[in-house]
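For reference, the structure is listed below as structure tokens.
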Amino acid sequence: MEILKSERLNNLSYAIRGPIYDKALQMEQEGHTILKLNIGNPAPFGFEVPQVMKEAMRQQLDHAEGYSHHLGIMEVREAIAKDYTARGFQGIKSEEIFIGNGVSELIIMCMQALLNPGDEVLVPSPDYPLWTAAVGFGGGKAVHYVCDEADEWNPDVADMEKKINSKTKAIVIINPNNPTGAVYKKDILQKIVDLAEKYNLVLFSDEIYDKILYDGLQHIPVATLSDQVHCITFGGLSKNYFACGFRGGWMIPTGKRSKSFLEGMNLLASMRLCPNVPTQYTIAAALQDDSVVKGMIQPGGRLYEQSKLVQEKVSQIEGLSCVAPKGSLYCFPKIDLSQFTFKDDVEFTYGLLTEQKVLVIAGSGFNFIDNAHFRIVFLPDVEVLADATDRIGAYLDSKRK
């Protein structure tokens, strides 16, 4: 008799590395060249980790052979506390900061520490799908609140409040946003903080892209807006410092603390022994020098120019529209399905891959319900992006009614 996987995995998915990704890998094995706009992984596109981080790791390798403290090296946690205090965070305690093997590990740990079966967490729609999967893996139910495309993808706070009930434990926000590229307005953030305080909810703020902002926009950390909410802020090395493979992230509790929740997190952190030690030694160096990413997001910088090229090219394709990304590495175009013969975003993405050899992820993979969006990653250089968007236009032209 076949040994079956755990039932708790039955309804979980992660579309970014899901079936369409597997199909693209198979096509590559068959000899096809695929233009991959599916995942925010800077290294394959020529982005390099800043030299100051590499040098910090090299210098400390002789001291990185054993376990560290299970929450992370204290000196590193102190450096994180100092950096975020300078950003306006209040009441940070270094001993409460958790370092993880990427933010992803910490998100999963948080859901395991917080949730009982049937508990609910408010998650944005669209979302980064790890959040929905992590809630389910932790035994809870992700309840999706609307982010309003007509309002530059800001959260609909009224919709959020309508979905709060006695089972609700937390609110998740992703700012700057993956997959839409939104950067949330201060008044919206303040309303979310007020909701969390009103209903005694934990506020999880995924701010992994907080330095990738365009056109001079400023990011507002939600934790700076209240000291009365149990807020958990996530940051890391993967995006701002192009160091996905280093697997370095952190979480910072602020405001009113839940002693029991943090005890649960402490237990889970002990069970995984410690975060990887060589990477921990790069964190302080990274926080002291963000000049590399700052150069990338200015006019003439690579990320800035690639984001603008995608906006321009997408706007020229009849049947597509897109809110201009204000941050992160993504845009989230909408397809006017009435103009085309395919029925939804999934059929579009498979057709685009099969016929034009371009890999993107359907909007429904980000838990968005209209089945008429897809995400473009604009990490490839401008020549590749121009080619890819031309192929998207050609595919759509071939499917017009």
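Using the UniProt record's numbering, read the sequence shown as starting at 1 and increasing by one per residue.
All residues carry an ideal CB built from backbone N, CA and C; glycine is no exception.
Computed from a predicted model, the values in this text were never measured in an experiment.
Residue Pro221 holds the alpha-carbon nearest to the alpha-carbon of Val183 among Phe45, Val202, Pro221. His32 is classed as exposed because its beta carbon has fewer than 16 other beta carbons within 10 Å across all chains shown.
In chain order, Leu122, Val143, Tyr145 place their CB closer than 7 Å to the CB of Lys163, counting only its own chain and leaving out the 5 sequence neighbours on each side. Here the alpha carbon of Cys331 sits roughly 42 Å from the alpha carbon of Asp62.
Per DSSP, the continuous alpha helix (DSSP H) segment holding Thr389 begins and ends at 382-398. Residue Gly102 holds the alpha-carbon nearest to the alpha-carbon of Phe246 among Tyr84, Gly102, Ser226. The segment 35-54 and the segment 382-400 touch, with no fewer than 3 CB-CB distances between them shorter than 8 Å.
DSSP places Ile20 outside any beta strand (DSSP E); the residue lies instead in the alpha helix (DSSP H), whose first and last residues are 19-29. A direct Cα-Cα distance of roughly 21 Å separates Ser321 from Leu213.
With a cutoff of 8 Å on beta-carbon distance, Ile335 and Val76 are scored as not near each other.
Where Gly249 is concerned, the enclosing beta strand (DSSP E) starts and stops at 249-254. The three-state reading of DSSP puts Glu312 in helix, counting H, G and I together. A Cβ-Cβ separation of about 14 Å leaves Leu106 out of contact with Met271 under the 8 Å criterion.
Asp345 sits away from Ala388, with the two beta carbons spaced by 8 Å or more. Lys211 is a Cβ neighbour of Asp290, given a cutoff of 8 Å. Beyond the five residues adjoining it in sequence on each side, Glu152 comes within less than 7 Å, by CB distance, of Ala182, Val323 in the same chain, given in chain order.
Contact between the segment 391-400 and the segment 338-355 is established, with three or more Cβ pairs separated by less than 8 Å.
In the structure shown, Pro176 falls within a coil segment according to DSSP collapsed to helix, strand and coil. Membership of Ala56 in the alpha helix (DSSP H) is indicated by the continuous run 51-60. Within the same chain, and ignoring the five residues on either side of Gln60 in sequence, the residues whose Cβ sits closer than 8 Å to its Cβ are Pro278, Tyr281. Taking Ser307 as reference, the option from Gln316, Glu318, Asn175, Pro325 with the minimal CA-CA separation is Pro325. Per DSSP, Pro278 lies in no beta strand (DSSP E); the unbroken alpha helix (DSSP H) holding it starts and ends at 277-288. Between the segment 164-179 and the segment 111-120, the count of Cβ pairs shorter than 8 Å is three or higher; the stretches touch.
Assignment of beta strand (DSSP E) within the segment 67-112, counting only whole runs of 3 or more residues, yields 98-100 in chain order. According to the DSSP assignment, Glu149 belongs to no alpha helix (DSSP H), since it is labelled neither H nor E.
Following the DSSP letters along the chain, one finds Ser260 inside the alpha helix (DSSP H) bounded by residues 259-271. For Ile361 and Asn178, the gap between their C-alpha atoms comes out near 12 Å. Rounded to the nearest whole angstrom, the CA to CA distance from Gly255 to Val229 is 5 Å. In this structure, Leu71 places its C-beta atom within 8 Å of the C-beta atom of Phe98.
The beta-carbon distance between Gly136 and Asn11, rounded to whole angstroms, is 6 Å. This is short enough to meet the 8 Å contact definition. For the 8 Å CB-CB criterion, Cys147 and Ser125 form a contact. Short of 6 Å from the beta carbon of Thr180, and not among the five residues preceding or following it, lie these beta carbons of its own chain, in chain order: Trp153, Phe332. Beyond the five residues adjoining it in sequence on each side, Asp206 comes within less than 6 Å, by CB distance, of Ile174, Phe234 in the same chain, given in chain order.
Residue pairing of Val377 in beta bridges, as defined by DSSP: Tyr330.
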